[in-house]
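The numbering of the sequence shown is the working numbering, which starts it at -1 and goes up by one. Note that the Cβ used here is the ideal one computed from N, Cα and C, for glycine as well. The structure displayed is predicted, hence computed values, not measured ones.
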Amino acid sequence: MNIMKLVTNKHTGRQVLINKLRDSRENDFIGKEEGKECPFCPGENEEKANFTIEEDGKWVVKAIDNKYPALVTNIEEYQKNKCDYGKHEVLIETREHLRNFYDFTIEEFENIIKMYRNRFIELDGDENVEYTIIYKNHLKSAGASKIHSHSQILSMSFIPPEIKREIKTLKKYSLWGDKKIITENKNFEVFIPEDSYLSGEMIIENRNSGRFNDIKDEEIVDLAESFKEIFSKINEVYGTIPFNIYIHSLPKNIKSPKFKWHVHVIPRKGKFGGFELGTGLYVNSLDLDEMYSKFCTNK
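Structural data, given as structure tokens:
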């Protein structure tokens, strides 16, 4: 049996998820056979969908179960073996194999965000779940195992340490320091945080709520416009480089009036190596003012 469990090192306090099955994931980037069918493309053997948005009788976005879940998905096994529980889905963002965030229209982004909202509300509504995260890896060096554009959503029976850190920080300080706003609209502010340890990081912060499940249709339009603007700019400045996205929302059982849900956008311009892993120090090679001058649309 593969026990999926959150383990805390009793000496260092560092937490890690143990899951041997995740190493068995299919990978488009290793030993790919010519003509091998993509499991995310339309076809006869499509996975059963948990959610779709359709146009002209065909799905345009679709949520399916992840074949290699990070946590135990069976509630009986969770209770019996004291594993850590959660649901893990793949959120397929387009029917077309090679289209991605650099190509999508505002309308396509709106459909993707509507799918995010639907799946977040359903998975986070489970009484055994403490936290839910949506995240995206684009290309191999950002952690993707499939080329076909997709995000993932993972609910979990615990609150991750990074979320606890953000909430704790907000009790005394700002999360972002002297942020530099590069663009904004009615419902969102897009900015470069001060002294980010991740080179090129940008934040899209909601102005209204701490919880992602509260997102309204009007906010979906504004977030779609922010995505379109940011990824057009990343393409202009860096090209179609790898990136990561993740959405941080306030846990449903915690109150923090200052916390606003937000999206971390991280172009993977640099790489992590032995120095970063060995010291816990990350080298940010981008000057804040220089990056601001390249990305700011409010000049």
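For residue i, count neighbouring Cβ atoms within 10 angstroms of its own Cβ and tell me buried if that reaches 16, exposed if not.
| i | result |
| --- | --- |
| Y83 | buried |
| M(-1) | Confidence at M(-1) is low in this model, with a pLDDT of 45, below 50, so its placement is unreliable and no value can be given for it. |
| P255 | exposed |
| E31 | Residue confidence is low: E31 scores 35 on pLDDT, short of 50, so the model does not pin down where it sits. Its coordinate-derived value is still stated next. Counting Cβ neighbours within 10 Å, E31 comes out exposed, since fewer than 16 surround it. |
| R115 | buried |
| K258 | buried |
| D285 | exposed |
| G198 | buried |
| K85 | buried |
| G278 | exposed |
| N242 | buried |
| I165 | buried |
| I28 | In this prediction, I28 scores a pLDDT of 38, lower than 50, which makes its location untrustworthy; no coordinate-derived value is stated. |
| N43 | exposed |
| E53 | exposed |
| I131 | buried |
| I301 | This structure leaves residue 301 out entirely; the chain is present only between -1 and 297. |
| E288 | exposed |
Near residue i, which residues of its chain fall below 8 Å by C-beta distance, leaving aside the five closest residues on each side in sequence?
| i | result |
| --- | --- |
| Y290 | K178, I180 and I190 |
| D220 | N183, K184, N185 and F186 |
| V235 | K292 and F293 |
Going by Cα to Cα distance, which pick from the options is closest to residue i?
| i | options | result |
| --- | --- | --- |
| C36 | I110, L196, I245 and T92 | T92 |
| Y66 | K60, C81 and E87 | E87 |
| E187 | L173, R163, N204 and E199 | N204 |
| N233 | D101, N126, W57 and E120 | D101 |
| D63 | E74, A47 and I51 | A47 |
| I90 | I252, Y133 and K166 | Y133 |
| M200 | H246, D215 and V261 | V261 |
| N72 | P240, V263, S155 and N109 | S155 |
| R117 | E227, T103, S224 and Q150 | Q150 |
| E106 | V235, E223 and K170 | E223 |
| D122 | H95, L96 and D212 | D212 |
| V263 | T167, D287 and K226 | K226 |
| V125 | K250, E44 and D287 | The question names Val, but residue 125 is Glu in the sequence shown. For the residues K250, E44 and D287, the minimum Cα distance to E125 belongs to K250. |
| P40 | H95, V70, D54 and H148 | H95 |
| V70 | I161, V127, K214 and V235 | V127 |
Would you grab the beta carbon distance between residue i and residue j for me? Rounded to a whole angstrom, and I think it's under 8 Å.
| i | j | result |
| --- | --- | --- |
| G208 | L248 | 4 Å |
| H146 | F38 | 4 Å |
| R266 | A68 | That pair is no contact at about 21 Å. |
| F99 | F229 | 5 Å |
| E74 | C81 | Not confirmed; about 11 Å, so no contact. |
| F210 | I245 | 6 Å |
So, at 6 Å on beta carbons, what are the nonlocal neighbours of residue i in its own chain, with the 5 sequence-adjacent residues on each side left out?
| i | result |
| --- | --- |
| R163 | none |
| T50 | W57 and K60 |
| T238 | Y100 |
| G176 | The residue asked about is misnamed: residue 176 is Asp in this sequence, not Gly. The answer, listed in chain order, is E192. |
| E217 | N185 |
| E45 | I62 |
Considering only residues of the same chain and omitting the five flanking positions on each side of residue i, which have a CB-CB separation below 7 Å?
| i | result |
| --- | --- |
| P158 | Y129 |
| K112 | I51 and I218 |
| I161 | Y129, H246 and P249 |
| N109 | I51, V58 and V59 |
| T167 | L173 |
| R97 | S147 |
| K231 | F293 |
| D215 | none |
| P240 | H136, L137, S139, A140 and R266 |
Would the C-beta of residue i count as close to the ligand PLP, meaning under 6 Å from any of its heavy atoms?
| i | result |
| --- | --- |
| P159 | This structure simply doesn't include the ligand PLP, nor any ligand for that matter. |
(message) As an exercise, report each continuous alpha helix (DSSP H) stretch of at least 4 residues that is fully enclosed by the region 87 to 157, in chain order.
(response) Segments of the alpha helix (DSSP H) lying fully in the region 87 to 157: 104 to 122.
(request) Could you pull out every unbroken beta strand (DSSP E) segment of at least 3 residues lying fully inside the region 150 to 209, listed in chain order? (result) Within the region 150 to 209, the complete beta strand (DSSP E) runs of at least 3 residues are 178 to 182, 186 to 190 and 200 to 204.
(message) Runs of 4 residues minimum, wholly inside the region 232 to 279: which ones carry the alpha helix (DSSP H) assignment?
(response) Listed in chain order, they are 272 to 277.
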